[in-house]
Amino acid sequence: VAGIKSQITRAVSDAEKTHL
Amino acid sequence: GRPDDVRAILERISGAEAMPPSPAEQAVLVRYVAELRAQPRAHRTFNDRWSAWIAYRDGPNGLRARP
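As given, the protein sequences belong to chains A and B, one line each in that order. First residue of the first sequence? That's -8 in this note's numbering, and the numbers climb one at a time after it. First residue of the second sequence? That's 7 in this note's numbering, and the numbers climb one at a time after it.
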């Protein structure tokens, strides 16, 4: 579960880094 | 510029004992990421990248802080 949560957090921050 | 609902969900699921996001919360996150990805890629200047690298190097867990 911890892996899934960190994947979610990383996906959101990666998208923000790339597109904001 | 992170929306309040997204920030609240990410805060709630952070931490070792927090529950994973519910389907409704997942939908909010998926929609947010989809909105971001629909935008064009951010233009980053060389200066932006250089500053980010310096911050990484000198940050609390940066290369310089290692003994």
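Heads up, the beta-carbon is just placed ideally off N, CA and C, and yes, glycines get one too. Just so it is clear, the structure is predicted and the values come from calculations on it, not from any experiment.
Cβ of Ala33(B) versus every heavy atom of the ligand GTP: is any distance shorter than 7 Å? Of the ligands one can find in the structure shown there are none, so the ligand GTP has no counterpart to examine.
Chain-ordered chain A contacts of Ser43(B) [CB-CB under 7 Å]: Checking the sequence, you will find Arg at residue 43(B) rather than Ser. Chain A residues near Arg43(B): Ala6 and His10.
Short CB-CB distance (under 8 Å) between Pro27(B) and chain A: Answer yes: the Cβ-Cβ gap between Pro27(B) and chain A drops below 8 Å somewhere.
Suppose the cutoff is 8 Å on Cβ atoms and the five residues either side in sequence are ignored; what does the same chain contact list for Pro26(B) look like? Closer than 8 Å at the Cβ level, and outside the excluded window around Pro26(B), lie Ile19.
Look up Gly(-6)(A) in the DSSP assignment and say whether it is helix, strand or coil. Here Gly(-6)(A) sits in helix by DSSP.
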